[in-house]
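S.K.: In our numbering, the protein residues as written are 1298 to 1596.
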Amino acid sequence: MALHEMRYLHQHPAVIRILLGILVVPLVYAVTFLASVWNPYGELQHLPMAVVNQDRPVTGMAWGRQVTRQLVRDRSLDFRQMPMQRAQQQLATGHVYLVLQIPREASHQLRHLPTATRPLHVTYRTNAGQSAVAAKMGESAMTKLQIRLNQAVVQAEQQAARQQLAQQTRLTAGQLRQIAQLTAANQGTVATLALSRLQTQLARGAQAMTAVTPAQRRAQVTPIRLIQRDTHSLANNGTGMAPYFMTIALFVGCITLNIIYDAGQRHGKYRYFALAWLDKMSFLWGFVVLAASALWLGV
């Protein structure tokens, strides 16, 4: 069988250059789209967000100021501190994609966390009209941030409880030393009275530390933990999207090939139609296999 298609290409180098251009169309198409969705949740440091601190510090606690400082310094997120009016304007115009608002009563409520009956509500605003994808990414960032904030608050509360317990222990030890001194001085009656008073104080302290209602406990610690298990884990978003985009890219490449390279025109004389069809298809199939291989290697 005479390979007239290959002979035609050999005689027309310009067509070869055009085909080489078509060859990279699927690769460019797939790589461009895959690059935009490959790992968006791992690039949140490029997503501008605003934090508005309206917290009023109380004695011994300025939670809003502390959290704002940590967010602005955190390199994994792109938070900028600004007043509420400016933050709302920039959210509306698309200069920031999320506004985190720390309420006025934050420090006051966390200061009384052991007796709190409800968790602290921190509001964040997004603008899906500007970018639905950015809003979804911001929501994911806030889910992770909520876990970090909960952990920080719980650790601070545990540390405060340990300090209180240590202080109570030191006080108790001092009182015990006084009782021992009174006993050594043969003041037994005063030492029964002092010991009874100490026992009463310890009982009240223990009752205060353990008398936590279920509502207060829910406000102190988030009781639900979600665990995700994947049958086939993916390294990132792009790995899951690659097969779809590769198929679409090859489809676009084949359409481009059929528009530019006339598959119906014969470039030689054939005795049978089947030979002409095989000659044409062997070239086209070979080209598609080559384009798919280049695409696979590139991705």
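Just so it is clear, CB atoms sit at the ideal spot from N, CA and C, and this is done for glycine as well.
Please read all numbers here as calculations on a predicted model, not as lab measurements.
Can you find at least 3 beta carbon pairs, one from the stretch 1470 to 1477 and one from the stretch 1433 to 1444, that sit closer than 8 Å?
M.R.: The answer is no - the stretch 1433 to 1444 does not touch the stretch 1470 to 1477, with fewer than three Cβ pairs under 8 Å.
S.K.: If we ignore side chains and look at the alpha-carbon of each, how far apart do M1578 and Q1342 end up?
M.R.: Counting from 1 along the sequence shown, the entry for residue 1578 is found at position 281. Counting from 1 along the sequence shown, the entry for residue 1342 is found at position 45. So the alpha carbons of these two residues sit roughly 50 Å apart.
S.K.: Is it true that the stretch 1588 to 1596 meets the stretch 1315 to 1326, where meeting means three or more beta-carbon pairs spaced less than 8 Å apart?
M.R.: With a cut-off of 8 Å, the stretch 1315 to 1326 and the stretch 1588 to 1596 count as touching, because enough Cβ pairs lie within range.
S.K.: Would you mind giving the Cβ-Cβ distance between H1305 and P1345, rounded to the nearest angstrom? I have them listed as a contact below 8 Å.
M.R.: For the purposes of this step, residue 1305 is taken as the residue at position 8 of the sequence shown. For the purposes of this step, residue 1345 is taken as the residue at position 48 of the sequence shown. The identity of residue 1305 in the sequence shown is Tyr, whereas the question assumes His. Contact doesn't hold; Cβ gap of about 55 Å is too wide.
S.K.: Sort out for me which residues DSSP pairs P1400 with in a bridge.
M.R.: Taking the first residue of the sequence shown as 1, we reach residue 1400 at position 103. Note: P1400 sits in no beta bridge, so no partner.
S.K.: Could you compute how far the alpha carbon of G1361 sits from the alpha carbon of I1545?
M.R.: In the sequence shown, counting from the first residue as 1, residue 1361 sits at position 64. In the sequence shown, counting from the first residue as 1, residue 1545 sits at position 248. Straight-line Cα distance between these residues: approximately 48 Å.
S.K.: Smallest Cα separation from Y1541: which of V1312, R1314, F1330?
M.R.: Position 244 of the sequence shown, counted from the start, is the residue given in the question as residue 1541. The residue with the shortest Cα to Cα distance from Y1541 is F1330.
S.K.: What whole-angstrom Cβ distance do V1348 and L1368 have, given they're in contact under 8 Å?
M.R.: Working through the sequence shown from its first residue, we reach residue 1348 at position 51. Working through the sequence shown from its first residue, we reach residue 1368 at position 71. The pair is a contact, with the Cβ atoms about 5 Å apart (cut-off 8 Å).
S.K.: For T1553 and V1325, I'd like the C-alpha separation in whole angstroms.
M.R.: Along the sequence shown, one-based indexing puts residue 1553 at 256. Along the sequence shown, one-based indexing puts residue 1325 at 28. So the alpha carbons of these two residues sit roughly 13 Å apart.
S.K.: With a CB to CB cut of under 6 Å and the five nearest residues on each side skipped, what residues in its chain are close to L1397?
M.R.: As a working mapping, residue 1397 is identified with position 100 in the sequence shown. The answer, listed in chain order, is V1348, Y1421.
S.K.: Take Y1634 as the anchor and find which of P1354, M1303, V1312, Q1308 has the nearest alpha-carbon.
M.R.: Limits of the chain in this structure are 1298 at one end and 1596 at the other, which puts residue 1634 out of reach.
S.K.: Indicate whether F1570 and M1303 have their beta-carbon atoms separated by less than 9 Å.
M.R.: Looking up residue 1570 in the sequence shown gives position 273. Looking up residue 1303 in the sequence shown gives position 6. No. Outside cutoff.
S.K.: Give the secondary structure of N1555 by DSSP, where H, G and I count as helix, E and B as strand, and everything else as coil.
M.R.: Counting from 1 along the sequence shown, the entry for residue 1555 is found at position 258. Correct three-state label for N1555: helix.
S.K.: Does DSSP put Y1541 in a helix, a strand or coil?
M.R.: The residue you call residue 1541 lines up with position 244 of the sequence shown. Note: Y1541 maps to helix in three-state DSSP.
S.K.: What's the call for F1376, buried or exposed, on a 16-neighbour Cβ count within 10 Å?
M.R.: Here the question's residue 1376 lines up with position 79 in the sequence shown. Classification for F1376: buried.
S.K.: Under 9 Å, Cβ to Cβ, is there at least one residue of chain B near I1315?
M.R.: Looking at the structure shown, chain B is missing, and only one protein chain is on hand.
S.K.: Leaving out five residues on either side along the sequence, give the residues of the same chain with a beta carbon under 7 Å from the beta carbon of V1355.
M.R.: Position 58 of the sequence shown, counted from the first residue, corresponds to residue 1355. If we look at V1355 and ignore the five residues flanking it on each side, its Cβ neighbours are S1404, H1405, R1408.
S.K.: Taking the alpha-carbon positions, what's the G1565 to C1551 distance?
M.R.: If you number the sequence shown from 1, residue 1565 lands on position 268. If you number the sequence shown from 1, residue 1551 lands on position 254. Using only the alpha carbons, I get a separation of about 23 Å.
S.K.: Residue ranges of each beta strand (DSSP E) run of no fewer than 3 residues wholly in the stretch 1319 to 1381, ordered along the chain?
M.R.: Listed in chain order, the complete beta strand (DSSP E) runs (minimum 3 residues) inside the stretch 1319 to 1381 are 1345 to 1350, 1375 to 1378.
S.K.: Starting from R1422, follow the beta strand (DSSP E) in both directions and report where the run begins and ends.
M.R.: Here residue 1422 corresponds to residue number 125 of the sequence shown, with the count starting at 1. 1420 to 1423 is the extent of the beta strand (DSSP E) around R1422.
S.K.: What would DSSP say about L1417, mapped onto helix, strand or coil?
M.R.: In the sequence shown, residue 1417 corresponds to position 120, counting from 1. In this structure, L1417 counts as coil in the three-state DSSP scheme.
S.K.: Between R1401 and R1353, is the Cβ-Cβ spacing less than 9 Å?
M.R.: To locate residue 1401, count along the sequence shown from 1; it is residue 104. To locate residue 1353, count along the sequence shown from 1; it is residue 56. Yes; because the gap between Cβ atoms is below 9 Å, this pair is in contact.
S.K.: Do N1336 and A1389 have their beta-carbon atoms positioned less than 9 Å apart in this structure?
M.R.: Taking the sequence shown and counting its residues from 1, the one referred to as residue 1389 is at position 92. Taking the sequence shown and counting its residues from 1, the one referred to as residue 1336 is at position 39. It is not a contact, given that the beta carbons lie outside the stated cut-off.
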